[in-house]
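J.: Throughout the sequence shown, residue numbering follows our numbering, covering 75 to 358 in sequence. A virtual CB, placed ideally from N, CA and C, is assigned to each residue, including glycine. Remember, it's a predicted structure, so these values are computed and weren't measured experimentally.
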Amino acid sequence: MKVGYYPGCSLEASARNYELSIERVFHLLDMQLVEPTGWTCCGSSSGHSIDADFSLALAGRNLTLAARDKLDLVVPCALCYNRLKHAQKAFEEGEIGKGKNGPETKVHIQDIASFLSSKEVLEKIRARVTPALKGRKIITYYGCQVDRPPKVTGSKEYENPKTMDKLVEALGAEVVDWSFKTSCCGGGLAVARRDIVLVLVGKLFKKMALTGAEIVAVSCQMCQANLDMYQKELLSQGVITRFIPILYITDLILLALGDREVAQYISMNMVDAPGLLRNMGVAI
């Protein structure tokens with residue numbers, strides 16, 4: 075089974091462990107990732123704040139490449155997904171590139187959690203799952219880019235998304251419900267405005283602590299980085315009382331499938347995820 079795939083820039087650099095995790099999951103599930111030939115940066119996240127039309131053109135170019143290669147796209151980066159959806163809407167509604175000779179951008183775009191939680195893929199996962207995560211309490215955090223704004227993303231569950239919840243349940247773990255699934259973590263402000271990010275992330279961790287969750291599942295590398303890197307500082311400030319592993323949904327799939335390759339991917343996290351999981355009794 076071939077799957078069109080747009081990795082985006084950061085998965086090829088600072089979030090390389092996420093891409094390795096994705097590639098491993100698709101390999102184990104007998105699915106082949108196919109990238110549009112010649113894909114480039116989509117202009118996220120800073121491009122649209124400098125030149126909106128140029129940013130749409132950057133994202134639109136990647137859609138035309140996918141259309142040329144007859145590929146639909148699975149997109150792991152939430153910011154890339156959001157920009158591609160914005161560009162597609164802008165081109166289709168004539169906001170940019172208007173005219174019958176305009177570029178072809180009619181490509182089906184899915185965020186990675188939506189694709190992995192589809193009926194066909196869930197069946198593949200359930201057929202291979204082990205009891206590795208049975209009974210573990212996992213909270214799902216979607217961030218603010220995949221489902222909003224719904225007029226652009228088309229999301230019908232933008233306040234209470236369920237895609238990762240379905241996956242966690244399929245892995246045999248317990249989904250911990252909470253009301254902050256789509257609250258912003260500060261995203262790209264991690265360097266420029268650490269003060270803002272500390273407040274936003276601290277609020278999320280305070281709410282998580284009330285749920286008894288043991289693991290946080292994410293599908294956005296910006297969310298993963300913010301929730302991961304600020305834990306030490308928040309612990310020293312007394313905002314949190316313990317470290318908690320922030321794992322990509324693909325990492326959790328690998329753990330549930332009993333794949334030991336995942337250890338090297340999660341060891342790249344800033345918090346000692348392998349050690350925390352072993353302390354819970356999760357084989358890794």
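#1: Determine which residues share a DSSP beta bridge with V250 and list them.
#2: Between which two residues does the beta strand (DSSP E) carrying L351 extend?
#3: Within the present structure, is the beta-carbon of A201 separated from the nearest heavy atom of the ligand ZN by less than 8 Å?
#4: Measuring alpha carbon to alpha carbon, tell me which residue in A299, P81, Q305, H101 is nearest K198.
#5: Can you tell me whether F238 is buried or exposed? The criterion is at least 16 other CB atoms within 10 Å of its CB, across all chains shown.
#6: Among G121, D127, G246, which has the Cα closest to the Cα of G209?
#7: Check for me: the alpha helix (DSSP H) holding Q338 runs from which residue to which?
#8: For A133, name the three-state secondary structure that DSSP assigns.
#9: So, at 6 Å on beta carbons, what are the nonlocal neighbours of Y216 in its own chain, with the 5 sequence-adjacent residues on each side left out?
#10: Assuming I358 is part of the alpha helix (DSSP H), what are its boundary residues?
#11: Along the chain, which unbroken stretches of the alpha helix (DSSP H) at least 4 residues long are found entirely within the segment 280–320?
#12: Could you tell me whether the Cβ atoms of V242 and A291 are closer together than 9 Å?
#13: Do the CB positions of N343 and L308 come within less than 9 Å of each other?
#14: The beta strand (DSSP E) spanning G78 covers which residue range?
#15: Can you tell me the Cα-Cα spacing of L103 and S341, whole angstroms?
#16: The beta strand (DSSP E) that contains Q162, what's its start and end?
#17: Buried or exposed: T111, going by 16 or more other Cβ atoms within 10 Å of its Cβ?
#18: So the candidates are I124, L153, V181; which of them puts its Cα closest to the Cα of N136?
#19: Leaving aside the five residues before and after R316 along the sequence, list all residues of the same chain whose C-beta is less than 8 Å from its C-beta, in chain order.
#20: Report yes if the C-beta distance between C258 and L274 is below 9 Å; otherwise report no.
#21: Pick helix, strand or coil for Y322, following the three-state DSSP scheme.
T.: Concretely, from the data shown:
#1: Its beta-bridge partners are I213.
#2: Per DSSP, L351 belongs to no beta strand (DSSP E); it is in the alpha helix (DSSP H), 347–354.
#3: As presented, the structure is devoid of all ligands, the ligand ZN included, so that no description of it is given.
#4: For K198, the nearest C-alpha among the options comes from H101.
#5: This sequence places Met at residue 238; Phe is not what is there. With 16 or more neighbouring CB atoms inside 10 Å of its own CB, M238 falls in the buried class.
#6: Of the listed residues, the one whose Cα sits closest to G209 is G246.
#7: Under the DSSP assignment, Q338 falls in the alpha helix (DSSP H) whose first and last residues are 336–340.
#8: Helix at A133.
#9: Within the same chain, Cβ atoms closer than 6 Å to the Cβ of Y216 are found at P235, K255, T256, the five residues on either side in sequence being excluded.
#10: That residue, I358, is in no alpha helix (DSSP H); it is neither H nor E in DSSP.
#11: Secondary structure remark: continuous alpha helix (DSSP H) runs of at least 4 residues inside the segment 280–320, in chain order: 295–303, 305–310.
#12: Yes. Within cutoff.
#13: Going by C-beta atoms, N343 is not nearer than 9 Å to L308.
#14: Residues 76–78.
#15: For L103 and S341, the gap between their C-alpha atoms comes out near 23 Å.
#16: Here Q162 belongs to no beta strand (DSSP E); instead the alpha helix (DSSP H) covers 152–166.
#17: Flag for T111 reads exposed.
#18: Residue V181 holds the alpha-carbon nearest to the alpha-carbon of N136 among I124, L153, V181.
#19: Cβ neighbours of R316 beyond the five flanking positions: L309.
#20: Yes, Cβ-Cβ distance for C258 and L274 is below 9 Å.
#21: Taken through DSSP and simplified to helix, strand or coil, Y322 comes out as strand.
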